[in-house]
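Protein chains in written order, with the numbering used here: chain A, 109 to 304; chain B, 109 to 304. Where a beta carbon is used, it is the ideal one built from N, C-alpha and C, also for glycine.
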DNA sequence: ATGCTAATTAGATAGCTATCGAACTAGGAG
DNA sequence: CTCCTAGTTCGATAGCTATCTAATTAGCAT
């Protein structure tokens with residue numbers, strides 16, 4: 109899956125993303141043809157057609173048999189159908205996700221942190237919701253999971269990273285990264301909020 | 109079908125024949141994203157991503173909702189599946205033929221005739237089987253269907269177009285364009301020989 | 001062998017497309 | 001109202017791909 113998946117899919121689409129190659133498939137679906145014949149039908153020169161046939165043959169979409177001087181090409185319906193089926197069955201929601209297997213999902217958060225955090229210090233507070241959440245998730249890591257903190261302790265820890273402990277304490281609770289009862293705070297396992 | 113068919117298919121494949129666009133689909137299948145976020149994940153600049161999203165949106169593969177300043181994109185699974193299904197179902201042998209709907213199937217024969225026939229005269233006899241057949245099919249049209257010809261008449265008609273009437277008379281019979289019994293010749297409805 | 005025909009390979013060019021920086025637009029936030 | 005942020009649009013550039021001509025290979029027929 110993943111890396112290999114996307115490469116195969118990419119080759120598949122690239123080969124089919126050309127008008128003349130599609131036409132060649134169309135002609136060959138009807139009858140076996142030589143290169144010059146195809147060239148005449150598509151009003152191209154032989155080398156061009158040869159080049160296209162190369163690509164089609166690489167993926168196994170066409171077969172070739174040699175008859176005297178002629179190289180007679182024909183459509184390989186099986187390969188075409190088999191491969192298309194495989195590709196298109198990868199278009200279920202779950203499989204599409206795997207197209208992004210090799211993207212580093214941290215890159216975004218890293219960039220945001222780089223922009224708003226310097227070492228241990230929060231230098232600026234991002235305006236946008238998504239970015240602020242990144243900062244909060246970074247900051248909340250300075251609290252142990254499962255442990256209870258008094259409000260004074262919370263303020264103290266936050267203040268090591270940004271002077272406005274009130275803001276962040278409030279944001280923690282509002283965004284569901286911490287809970288509070290009777291003046292006691294604790295970390296909460298965060299999960300994506302439902303955006304309805 | 110045909111002309112319209114191939115254009116739709118082409119647009120479909122062209123949009124999907126790009127690594128970064130596939131990755132975008134992959135990411136969006138997992139979560140809603142803004143442009144800058146995608147840019148960071150794919151290590152591209154925002155304008156590039158915007159450009160890709162344009163193309164994906166043209167085909168309806170992604171939806172956009174605007175939230176404050178952010179444009180949040182998400183995968184449109186339905187469109188993707190619906191469209192793939194349509195394309196995929198065009199890969200039956202019969203449908204593939206229609207990809208060549210707008211190729212002029214006469215082009216090849218016209219070219220061969222142009223190369224070996226000058227006006228009414230056959231100037232040269234092509235060596236290859238396929239080309240010779242084109243000439244024969246052209247020549248046989250000088251004989252009426254359903255009528256019987258004596259060998260002398262056959263020779264006479266052929267000779268108006270090429271001196272070697274023996275050759276062509278023989279070829280006619282060998283290739284099944286004419287039949288002969290008791291010294292009488294007649295045209296036969298020609299059909300593609302079975303190449304086993 | 002020699003020449004002819006069809007196909008492929010190599011090399012060059014033109015056209016398209018992905019990418020980027022810069023300028024522009026539009027929505028909040030102070 | 002002004003600034004700031006996120007997105008889009010514009011213009012330029014670099015890289016890829018389709019196409020062609022010329023040169024090469026392979027098979028057939030003379």
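For a Cβ distance threshold of 8 Å, residue set 216 and 238 of chain A lies close to residue 145/B, ordered along the chain. A residue is called buried when at least 16 other Cβ atoms come within 10 angstroms of its Cβ; residue 191/A meets this threshold and is buried. Nearest to residue 204/A by alpha-carbon distance, out of 233/B, 296/B and 183/B, is 183/B. If one requires a minimum length of 3 residues, the beta strand (DSSP E) runs lying completely within the segment 234-281 of chain A are 256-258, in chain order.
In this structure, the CA atom of residue 236/A is about 15 Å from the CA atom of residue 276/A. Here residue 248/B really is in contact with residue 295/B; their C-beta atoms are around 6 Å apart, less than 8 Å. Considering only 178/A, 131/A and 116/A, the residue with the shortest C-alpha distance to residue 210/B is 131/A. Taking 8 Å as the threshold, the shortest C-beta distance from residue 219/A to chain B falls below it. Closest in C-alpha terms to residue 238/A, from the list 251/A, 229/A, 197/A and 221/A, comes 221/A. Boundaries of the beta strand (DSSP E) harbouring residue 289/A: 286-289, taken from the DSSP string. With respect to the 8 Å criterion, residue 135/B and residue 208/A are classified as neighbours on the basis of their beta carbons. Only exposed fits residue 159/B, as fewer than 16 other CB atoms lie within 10 angstroms of its CB. Where residue 173/B is concerned, there is no enclosing alpha helix (DSSP H), although the beta strand (DSSP E) around it starts and stops at 170-175.
Annotation for residue 220/B: the continuous alpha helix (DSSP H) segment containing it runs 214-224. Residue 293/A sits close to residue 262/A, with the two beta carbons spaced by under 8 Å.
Looking at 139/B, 251/B and 272/B, the one whose alpha-carbon comes closest to that of residue 202/A is 139/B. The alpha helix (DSSP H) runs of length 4 or more contained entirely in the segment 123-198 of chain B are, from start to end of the chain, 127-138, 143-150, 154-166 and 185-197.
For the C-beta of residue 122/A, the chain B residues within less than 7 Å are, from N- to C-terminus, 125. When DSSP states are grouped into helix, strand and coil, residue 292/A belongs to the strand group. For residue 203/B, the enclosing alpha helix (DSSP H) starts and ends at 201-205. Not one beta carbon of chain B lies nearer than 8 Å to the beta carbon of residue 283/A. Closest in C-alpha terms to residue 219/B, from the list 120/A, 144/A and 116/A, comes 144/A.
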